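> Here it is, the structure, as structure tokens.
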Amino acid sequence: MLRDELAPPGGDVDRGPDALITFWTTAGISVVVVGLRFVGRRLRRQTGLDDWIMLLTLILYVVFVSILTKYITVGGLRHLYYLTPEERVIAAKWGWISQPFVIMGFATGKLSVAVLLWRVVGSTTFWRKWFLCFATISALLISIVNIVLTFTQCSPVEALWNQQLLKEGQTKCLSPSIQINFAIFLSSWNILTDVFLAALPASFMYKLDLSTRKKVGLSILLGLGATSAIFAGIKTMFLTSLGERSDVTWSTYQLYVWSGVELFVIILCGSVPPVKPVWDILRGKPRISTVTVTSNGRRESDLSTPSNKIKPRRNSDRSISAIDDEIELQAPVVAGDAASERSATSSLHLHPRQDNEVDSRP
Numbered sequence: 001m002l003r004d005e006l007a008p009p010g011g012d013v014d015r016g017p018d019a020l021i022t023f024w025t026t027a028g029i030s031v032v033v034v035g036l037r038f039v040g041r042r043l044r045r046q047t048g049l050d051d052w053i054m055l056l057t058l059i060l061y062v063v064f065v066s067i068l069t070k071y072i073t074v075g076g077l078r079h080l081y082y083l084t085p086e087e088r089v090i091a092a093k094w095g096w097i098s099q100p101f102v103i104m105g106f107a108t109g110k111l112s113v114a115v116l117l118w119r120v121v122g123s124t125t126f127w128r129k130w131f132l133c134f135a136t137i138s139a140l141l142i143s144i145v146n147i148v149l150t151f152t153q154c155s156p157v158e159a160l161w162n163q164q165l166l167k168e169g170q171t172k173c174l175s176p177s178i179q180i181n182f183a184i185f186l187s188s189w190n191i192l193t194d195v196f197l198a199a200l201p202a203s204f205m206y207k208l209d210l211s212t213r214k215k216v217g218l219s220i221l222l223g224l225g226a227t228s229a230i231f232a233g234i235k236t237m238f239l240t241s242l243g244e245r246s247d248v249t250w251s252t253y254q255l256y257v258w259s260g261v262e263l264f265v266i267i268l269c270g271s272v273p274p275v276k277p278v279w280d281i282l283r284g285k286p287r288i289s290t291v292t293v294t295s296n297g298r299r300e301s302d303l304s305t306p307s308n309k310i311k312p313r314r315n316s317d318r319s320i321s322a323i324d325d326e327i328e329l330q331a332p333v334v335a336g337d338a339a340s341e342r343s344a345t346s347s348l349h350l351h352p353r354q355d356n357e358v359d360s361r362p
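Position one of the sequence shown corresponds to residue 1 (UniProt numbering), numbered consecutively onward.
Here it is in structure tokens:
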């Protein structure tokens with residue numbers, strides 16, 4: 001410790017152990033949830049790009065937590081006053097290294113949700129699909145710019161974690177306010193993206209041939225991502241700590257914790273719809289056949305959960321989506337068409353009400 005500084009109030013408090021419990025508990029739950037996501041997709045034979053992107057998000061979160069574990073073990077969540085000069089440099093370095101993983105995790109988590117929604121809105125209007133592209137791709141690009149700005153704000157980059165270089169005039173750095181303001185802009189954009197992704201399903205649910213209860217249920221199920229916007233808002237309040245240089249290890253505690261919680265919520269809420277088939281089985285709901293009607297009149301069956309009615313669309317090559325007693329998402333397949341069968345895992349459609357639909361009961 002450096003005795004030429006004033007000792008902070010409260011003494012040498014280490015907030016690391018509590019943070020580790022939070023980080024590794026949420027990481028463990030995330031692993032289970034994403035695992036169940038793949039089980040649910042396997043049950044529907046619908047593993048798609050959104051699942052693999054969410055797996056990437058999980059990996060980024062686990063790496064983020066692992067780096068923060070190293071950060072904490074070298075005193076990362078204690079006051080700088082109580083750390084040796086060597087510990088200060090090492091702790092600050094691991095803290096900066098952790099940031100790209102959580103920032104990209106936010107972006108890939110939103111991208112996974114967007115790909116899932118793309119499968120849902122594939123048969124709806126043009127503007128929904130391209131607004132979806134714009135929102136998520138822009139969030140991804142802004143995240144990349146934020147990472148680049150983080151590690152180019154000082155030259156050499158070592159000045160980020162070695163303040164002695166700055167004191168000796170051996171480096172040039174941008175004003176910390178530049179990175180802080182850009183990080184706040186990114187966080188605000190992510191919040192808007194979360195809200196948009198949550199509201200998008202409700203914009204076409206009213207067209208579906210479902211009961212009001214099911215429409216509301218589907219809207220809630222596909223709009224759970226709005227929850228992450230709440231945690232992103234809380235995290236944004238602590239982004240100013242990025243510019244803290246006098247006691248950075250202590251000041252960034254809230255930022256790291258809320259960043260981890262936000263990414264955990266993105267993984268959790270973004271995986272709820274694909275996990276539903278597993279939940280149905282745990283509830284003891286039996287699986288029955290879902291009928292696929294092709295253009296030549298053939299009927300093929302696949303196991304699904306109970307349905308109230310099956311409504312084939314005339315002159316349609318798409319599978320008949322069984323509407324579950326609660327909420328069901330079913331991918332269309334054109335039997336006998338290899339290209340269509342391959343695309344079934346990446347194209348999920350909910351069709352609007354058609355007046356010429358007829359009931360077909362087994």
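Glycine included, C-beta positions come from ideal geometry on N, C-alpha and C. The structure displayed is predicted, hence computed values, not measured ones.
Is Ser-259 helix, strand or coil when you go by DSSP?
To locate residue 259, count along the sequence shown from 1; it is residue 259. In this structure, Ser-259 counts as helix in the three-state DSSP scheme.
> According to the neighbour-count rule (16 or more other Cβ atoms, all chains shown, within 10 Å of its Cβ), is Gln-164 buried or exposed?
As a working mapping, residue 164 is identified with position 164 in the sequence shown. It is exposed - the Cβ of Gln-164 has fewer than 16 other Cβ atoms within 10 Å.
> Going by the beta-carbon positions, is the gap between Phe-64 and Phe-38 smaller than 8 Å?
Here residue 64 corresponds to residue number 64 of the sequence shown, with the count starting at 1. Here residue 38 corresponds to residue number 38 of the sequence shown, with the count starting at 1. No, these two residues do not count as a Cβ contact at 8 Å.
> Tell me which residues share the same chain as Asn-146 and place their Cβ nearer than 7 Å to its Cβ, disregarding the 5 neighbours each side in the sequence.
Locating residue 146 in the sequence shown gives position 146, counting from the first residue. Within the same chain, Asn-146 has close Cβ partners Ile-103, Phe-182, Ala-183, Leu-186.
> Here's the rule I'm using: 16 or more other beta-carbon atoms within 10 Å means buried, otherwise exposed. How should Trp-127 be labelled?
For the purposes of this step, residue 127 is identified with residue 127 of the sequence shown, where counting begins at 1. That one is exposed.
> What do you reckon, are the CB atoms on Thr-193 and Ala-226 nearer than 8 Å?
Here residue 193 corresponds to residue number 193 of the sequence shown, with the count starting at 1. Here residue 226 corresponds to residue number 226 of the sequence shown, with the count starting at 1. No, these two residues do not count as a Cβ contact at 8 Å.
> According to the Cβ coordinates, are Ile-75 and Gly-95 closer than 8 Å?
Here residue 75 refers to the residue found at position 75 of the sequence shown. Here residue 95 refers to the residue found at position 95 of the sequence shown. Checking the displayed sequence, the identity of residue 75 turns out to be Gly instead of Ile. Their beta carbons are not under 8 Å apart, which means Gly-75 does not touch Gly-95 by this criterion.
> On the DSSP bridge assignment, give the partners of Ser-155 in chain order.
Counted from its first residue, the sequence shown places residue 155 at position 155. In the DSSP output, where bridge partners are listed per residue, Ser-155 has Lys-172.
> I'd like the span of the alpha helix (DSSP H) that includes Thr-108, first residue to last.
What you label residue 108 is simply residue 108 of the sequence shown in a count that begins at 1. Counting along the chain, the alpha helix (DSSP H) containing Thr-108 begins and ends at 85-121.
> Val-121 and Leu-111: beta carbons closer than 8 Å?
Locating residue 121 in the sequence shown gives position 121, where the first residue counts as 1. Locating residue 111 in the sequence shown gives position 111, where the first residue counts as 1. Going by C-beta atoms, Val-121 is not nearer than 8 Å to Leu-111.
> Find out if the Cβ-Cβ distance for the pair Gly-40, Lys-276 is shorter than 8 Å.
Counted from its first residue, the sequence shown places residue 40 at position 40. Counted from its first residue, the sequence shown places residue 276 at position 276. Taking 8 Å as the Cβ cut-off, Gly-40 and Lys-276 qualify as a contacting pair.
> Have a look at Asp-14 and Leu-83 and give me their C-alpha separation to the nearest angstrom.
Taking the sequence shown and counting its residues from 1, the one referred to as residue 14 is at position 14. Taking the sequence shown and counting its residues from 1, the one referred to as residue 83 is at position 83. Computed Cα separation, rounded: 11 Å.
> Between which two residues does the alpha helix (DSSP H) holding Tyr-71 run?
On the sequence shown, position 71 is the one that residue 71 refers to. Start and end: 49-73.
> Near Phe-264, which residues of its chain fall below 8 Å by C-beta distance, leaving aside the five closest residues on each side in sequence?
Locating residue 264 in the sequence shown gives position 264, where the first residue counts as 1. Once the five neighbours on either side are set aside, the close Cβ partners of Phe-264 are Thr-26, Ala-27, Ile-29, Ser-30, Tyr-61.
> Pull up the distance between the alpha-carbon of Gly-243 and that of Cys-154, whole angstroms please.
Translated into positions along the sequence shown, residue 243 becomes position 243. Translated into positions along the sequence shown, residue 154 becomes position 154. Using only the alpha carbons, I get a separation of about 13 Å.
> Roughly how many angstroms separate the alpha carbons of Lys-235 and Ser-259, rounded to a whole number?
One-based indexing of the sequence shown puts residue 235 at position 235. One-based indexing of the sequence shown puts residue 259 at position 259. Computed Cα separation, rounded: 6 Å.
> Quick check on Gly-225: does DSSP put it in helix, strand or coil?
As a working mapping, residue 225 is identified with position 225 in the sequence shown. DSSP places Gly-225 in coil when its eight states are reduced to three.
> Just to confirm the assignment, what range does the alpha helix (DSSP H) spanning Phe-38 have?
As a first step, residue 38 must be located in the sequence shown, where it is residue number 38. From DSSP, the alpha helix (DSSP H) with Phe-38 extends over 16-44.
> Would you kindly work out how many angstroms separate the C-alpha atoms of Arg-45 and Leu-174, rounded to a whole number?
By one-based count along the sequence shown, residue 45 stands at place 45. By one-based count along the sequence shown, residue 174 stands at place 174. Going by the C-alpha atoms only, they are around 51 Å apart.
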